[in-house]
Amino acid sequence: DIGDIIRGKDLYLGNQEEKVKLENNLKRIFKEIYDNLMEDLKKYPTKKVEAEKHYQDKNGGNFFKLREDWWTANRHTVWEAMTCDAHEGDKYFRATCSDSGDTKGSSVANHKCRCKKKDGTNDTNQVPTYFDYVPQYLR
Numbered sequence: 005d006i007g008d009i010i011r012g013k014d015l016y017l018g019n020q021e022e023k024v025k026l027e028n029n030l031k032r033i034f035k036e037i038y039d040n041l042m043e044d045l046k047k048y049p050t051k052k053v054e055a056e057k058h059y060q061d062k063n064g065g066n067f068f069k070l071r072e073d074w075w076t077a078n079r080h081t082v083w084e085a086m087t088c089d090a091h092e093g094d095k096y097f098r099a100t101c102s103d104s105g106d107t108k109g110s111s112v113a114n115h116k117c118r119c120k121k122k123d124g125t126n127d128t129n130q131v132p133t134y135f136d137y138v139p140q141y142l143r
């Protein structure tokens with residue numbers, strides 16, 4: 005799952021070589037994000053020190069805290085990108101939305117695989133599930 009991959013928590017039971025290649029690529033990407041953040045914070049020494057302390061990497065370049073924060077900040081956008089070519093009527097595989105209108109429970113995310121906004125507008129930008137925070141072995 006994409007959230008697990010980004011956050012470095014994927015069980016990845018596939019090809020070990022591919023796993024190493026993917027992890028090395030993610031390390032490189034998040035090192036760049038970290039370096040850019042530190043560069044941007046040069047003007048704000050106190051914030052820079054706080055960020056360095058918060059994102060201190062003791063795990064060989066994995067930047068797990070940064071990856072977690074990045075996922076938290078971007079998970080909705082990632083879902084929108086993944087479903088941008090979905091058509092009206094395409095469904096997510098589980099009943100996860102509460103927009104069925106009958107107030108009897110969940111409905112399947114069938115609005116481009118997204119749930120309708122909670123404010124009732126027709127915009128469909130809601131991620132239908134928070135399974136990415138449930139450990140993989142329980143999904």
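Quick note: the numbering used here has the sequence shown finishing at residue 143, numbered continuously throughout. Yeah, the Cβ is synthetic: ideal placement off N, Cα and C, and Gly gets one too. The structure displayed is predicted, hence computed values, not measured ones.
query = If you draw a straight line from the alpha carbon of Tyr16 to that of Asn29, how long is it in whole angstroms?
reply = Each residue's Cα considered, the two are about 15 Å apart.
request  = Measure the C-alpha to C-alpha separation of Met86 and Lys57 and round it to an integer number of angstroms.
outcome  = Between Met86 and Lys57, the alpha-carbon positions lie close to 33 Å from each other.
Rounded straight-line distance, which links the Cα of Ile33 to that of Gly18 = Roughly 22 Å separates the two Cα atoms.
request  = On a CA-only basis, which of Asn40, Thr81, Lys31 is nearest Ala55? Give me that one, please.
outcome  = Among Asn40, Thr81, Lys31, the Cα nearest to that of Ala55 belongs to Asn40.
query = Can you tell which of Thr76, Gly7, Leu70 has its C-alpha closest to the C-alpha of Met42?
reply = Nearest of Thr76, Gly7, Leu70 to Met42, Cα basis: Leu70.
task = Between the Cα of Gly12 and those of Glu36, Phe67, Ile37, spot the shortest distance and give me the residue it belongs to.
result = With distances taken between Cα atoms, Gly12 lies closest to Phe67.
task = Using 10 angstroms around the beta-carbon of Gly161, count the other beta-carbons present and answer buried if the total reaches 16, otherwise exposed.
result = Any property of residue 161 remains undetermined from this structure, which presents the chain solely from 5 to 143.
Three-state secondary structure assigned by DSSP to Gln20 = Note: Gln20 maps to helix in three-state DSSP.
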